[in-house]
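A.B. asks: Got a structure for you, written out below as structure tokens; questions coming shortly.
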Amino acid sequence: MFALGAMAVPAHAATIQIVMENMVISPAEASAKVGDTIEWVNKDILAHTATAKNGDFDVTIAPKKAARSVLTKAGTVDYYCRFHPNMKAVLTITP
Numbered sequence: 013m014f015a016l017g018a019m020a021v022p023a024h025a026a027t028i029q030i031v032m033e034n035m036v037i038s039p040a041e042a043s044a045k046v047g048d049t050i051e052w053v054n055k056d057i058l059a060h061t062a063t064a065k066n067g068d069f070d071v072t073i074a075p076k077k078a079a080r081s082v083l084t085k086a087g088t089v090d091y092y093c094r095f096h097p098n099m100k101a102v103l104t105i106t107p
């Protein structure tokens, strides 16, 4: 059972931080691998979302808070804030 649990998380998984501040997502282009965790940090006083156009994820981030999501699928994902559609970014996820 322990061995199965150890296989669930890749040995080289990383946490990539993406910041939402002053109504901008930074970096606007980021790269990650399947199994990595994205930590969206909202430094604004308004709530934001990280909403994938293809439906892969839809995360709401409260003002002055952070939210995390583990990447499960490879591909290039365009995402945006549903509340502020001018906030856009691209996440490239490799296997």
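Here the sequence shown is numbered in the numbering used here, starting from 13 and rising by one per residue.
Each residue gets a CB set at the ideal place from its N, CA and C atoms; glycine is no exception.
(1) What does a CB cutoff of less than 6 Å around GLU41 pick up in its chain, not counting 5 residues either side in sequence?
(2) How would you label THR63, buried or exposed, when you count the other beta carbons within 10 angstroms and need 16 or more for buried?
(3) If you follow the beta strand (DSSP E) that ASN54 is part of, which residue opens it and which one closes it?
(4) Can you round the beta-carbon distance between GLY47 and ALA78 to whole angstroms, since I take them to be within the 8 Å contact cut?
(5) Going along the chain, which residues of its own chain have a beta-carbon closer than 6 Å to the beta-carbon of ASP70, five neighbours each way excluded?
(6) Do the CB positions of ALA86 and THR106 come within less than 8 Å of each other?
(7) Mapping the DSSP letters down to three states, classify HIS60 as helix, strand or coil.
C.D. replies: Looking at the coordinates:
(1) Mapped onto the sequence shown, residue 41 falls at position 29. Counting only Cβ-Cβ distances below 6 Å, and skipping sequence neighbours, we find VAL102.
(2) Against the sequence shown, residue 63 aligns to sequence position 51. Counting Cβ neighbours within 10 Å, THR63 comes out buried, since at least 16 surround it.
(3) Your numbering for residue 54 matches position 42 in the sequence shown. 49-54 is the extent of the beta strand (DSSP E) around ASN54.
(4) Along the sequence shown, read from residue 1 onward, the residue named residue 47 stands at position 35. Along the sequence shown, read from residue 1 onward, the residue named residue 78 stands at position 66. About 19 Å separates the beta carbon of GLY47 from that of ALA78, a gap too long to meet the 8 Å contact definition.
(5) The residue given as residue 70 occupies position 58 in the sequence shown. Contacts found: THR63.
(6) The residue you call residue 86 lines up with position 74 of the sequence shown. The residue you call residue 106 lines up with position 94 of the sequence shown. In this structure, THR106 lies closer than 8 Å to ALA86 by Cβ.
(7) Translated into the one-based positions of the sequence shown, residue 60 becomes position 48. Here HIS60 sits in strand by DSSP.
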